[in-house]
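Below is one structure, written out as structure tokens; comments come after it.
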Amino acid sequence: YQIEGAWKEDGKGLSVWDMFTKIPGKTFKGSNGDIAVDHYHRFKEDVALMAEMGLKAYRFSVSWPRIFPQGRGKVNEAGLRFYDDLINELLAHDIEPVLTLYHWDLP
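The sequence shown begins at 1 in my numbering and counts up one residue at a time.
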């Protein structure tokens, strides 16, 4: 949530954080992760920077609402494709993907 952004794109469902940050007064200055650092759109640039810095591994979290927009049932293929593309980009730069399955981002 804090990194990807793209909170309503490519079939992603709402997460508990998407809802919470829309409640007035719950976050500092009304901040949210709607855009965040825009990793969803800029992951190739991000991975290139990681490689330039010499990183050997990258730990990232799965946004479950990106995979299961309704919380269960039908899988969002665009969401799976994002993580597949990210992992392939990391491997192409000899960076080990370290996947966190759960980091407080529930549908």
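Positions of the beta carbon are idealized from the N, C-alpha and C atoms, including for glycine. All figures in this text were calculated on a predicted structure; none of them were measured in a lab.
Check your understanding: What's the call for Ile23, buried or exposed, on a 16-neighbour Cβ count within 10 Å?
Key -> By the beta-carbon neighbour count (other beta carbons within 10 angstroms, threshold 16), Ile23 is exposed.
Practice item. For Lys12, count neighbouring Cβ atoms within 10 angstroms of its own Cβ and tell me buried if that reaches 16, exposed if not. Key: By the neighbour-count rule (16 or more Cβ atoms within 10 Å), Lys12 is buried.
Review point. What do you reckon, are the CB atoms on Glu9 and Lys44 nearer than 8 Å?
Key: Result no, Cβ atoms of Glu9 and Lys44 do not sit closer than 8 Å.
Check your understanding: Which first and last residues belong to the alpha helix (DSSP H) in which Tyr40 is found?
Key -> First-last of the alpha helix (DSSP H) with Tyr40: His39 to Met53.
Review point. From Phe28, Arg42, Val16 and Lys26, pick the residue whose C-alpha is nearest to that of Ala6; which is it?
Key: Per the Cα distances, Arg42.
Point to revise | Nearest to Lys56 (by Cα), restricted to the options Asp94, Ser15 and Tyr1 | key: Considering only alpha carbons, the answer is Asp94.
**Study point:** Nonlocal neighbours in the same chain, by C-beta distance under 6 Å from Gly71, ignoring five residues either side
**Key:** Excluding its 5 nearest sequence neighbours in each direction, Gly71 has C-beta neighbours in its own chain below 6 Å: Pro107, listed in chain order.
Point to revise | Three-way DSSP call (helix, strand, coil) for Glu96 in this model | key: Strand, per DSSP.
Point to revise | Rounded Cβ spacing between Val62 and Leu99 (contact assumed at less than 8 Å) | key: Indeed, because the Cβ distance is near 7 Å, the residues count as touching under 8 Å.
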